[in-house]
Amino acid sequence: MSAKDLETNSGRRSFFQVWSDASGWRATVQYGNEAPRTFHEPDDALLFLYSCLLGRQETAPSGASPWGDPDFH
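Quick note on numbering: the sequence shown equals residues 164 to 236 in our numbering.
Okay, structure coming up:
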(Lines of atoms letter the chains of each structure in order from A and count residues from 1; the text may use other names and numbers.)
(Lines give C-alpha, C1' and ligand atoms only; values in the text may rest on other atoms or scores of the structure.)
Protein backbone atom coordinates (compact mmCIF):
# COMPACT_ATOMS: atom_id res chain seq x y z
CA MET A 1 0.00 0.00 0.00
CA SER A 2 1.27 3.44 -0.80
CA ALA A 3 1.58 6.07 1.88
CA LYS A 4 0.22 9.59 1.87
CA ASP A 5 2.69 12.43 2.36
CA LEU A 6 1.24 15.63 3.73
CA GLU A 7 2.82 19.04 3.99
CA THR A 8 1.59 21.48 6.60
CA ASN A 9 1.51 25.26 6.25
CA SER A 10 4.66 25.43 8.38
CA GLY A 11 6.49 23.25 5.86
CA ARG A 12 6.74 20.24 8.16
CA ARG A 13 6.50 16.93 6.36
CA SER A 14 4.01 14.41 7.67
CA PHE A 15 3.28 10.81 6.78
CA PHE A 16 0.08 8.79 7.15
CA GLN A 17 -0.49 5.16 6.17
CA VAL A 18 -3.31 2.71 6.93
CA TRP A 19 -3.12 -1.05 6.38
CA SER A 20 -4.56 -4.31 7.67
CA ASP A 21 -3.02 -7.54 8.87
CA ALA A 22 -4.23 -10.68 10.63
CA SER A 23 -4.83 -8.66 13.81
CA GLY A 24 -6.93 -5.96 12.14
CA TRP A 25 -6.37 -2.42 10.93
CA ARG A 26 -3.26 -0.38 11.74
CA ALA A 27 -2.21 3.18 10.99
CA THR A 28 1.22 4.80 11.06
CA VAL A 29 1.69 8.54 11.51
CA GLN A 30 4.84 10.63 11.38
CA TYR A 31 4.67 14.35 12.07
CA GLY A 32 7.63 16.61 11.45
CA ASN A 33 10.88 15.28 12.91
CA GLU A 34 9.19 12.88 15.34
CA ALA A 35 9.59 9.13 15.06
CA PRO A 36 6.72 7.34 13.27
CA ARG A 37 4.00 5.95 15.55
CA THR A 38 1.84 2.94 14.74
CA PHE A 39 -1.66 2.83 16.22
CA HIS A 40 -3.95 -0.18 16.56
CA GLU A 41 -6.96 1.98 15.68
CA PRO A 42 -6.80 4.20 12.57
CA ASP A 43 -9.21 6.64 14.25
CA ASP A 44 -6.64 7.20 17.03
CA ALA A 45 -3.99 7.90 14.39
CA LEU A 46 -6.22 10.47 12.70
CA LEU A 47 -6.93 12.19 16.02
CA PHE A 48 -3.21 12.27 16.80
CA LEU A 49 -2.35 13.76 13.38
CA TYR A 50 -5.16 16.29 13.67
CA SER A 51 -3.91 17.39 17.09
CA CYS A 52 -0.37 17.75 15.70
CA LEU A 53 -1.61 19.87 12.82
CA LEU A 54 -3.44 22.10 15.29
CA GLY A 55 -0.30 22.39 17.41
CA ARG A 56 -1.92 20.65 20.37
CA GLN A 57 0.13 17.49 20.57
CA GLU A 58 0.49 16.47 24.19
CA THR A 59 1.64 13.44 26.10
CA ALA A 60 0.24 12.05 29.30
CA PRO A 61 2.37 12.51 32.46
CA SER A 62 3.65 8.95 32.10
CA GLY A 63 4.90 9.77 28.61
CA ALA A 64 2.15 7.69 27.02
CA SER A 65 0.11 9.08 24.19
CA PRO A 66 -3.38 10.36 25.07
CA TRP A 67 -4.54 8.80 21.77
CA GLY A 68 -4.44 5.15 22.74
CA ASP A 69 -1.50 2.79 22.97
CA PRO A 70 0.81 3.34 19.99
CA ASP A 71 3.56 0.95 19.02
CA PHE A 72 6.78 2.87 18.45
CA HIS A 73 8.88 1.68 15.50
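Heads up, the beta-carbon is just placed ideally off N, CA and C, and yes, glycines get one too.
- request: In the DSSP assignment, find the unbroken beta strand (DSSP E) run with Ala-190 in it and report its ends.
  value: 187 to 194
- request: Flag Ala-185 as yes when its Cβ comes closer than 7 Å to any non-hydrogen atom of the ligand MN, and as no otherwise.
  value: What this structure holds is no ligand at all, so the ligand MN is not there to describe.
- prompt: CA-CA distance, Arg-213 and His-203?
  reply: Looking at the sequence shown, residue 213 is not Arg but Tyr. Distance between the alpha carbons of Tyr-213 and His-203 is about 17 Å.
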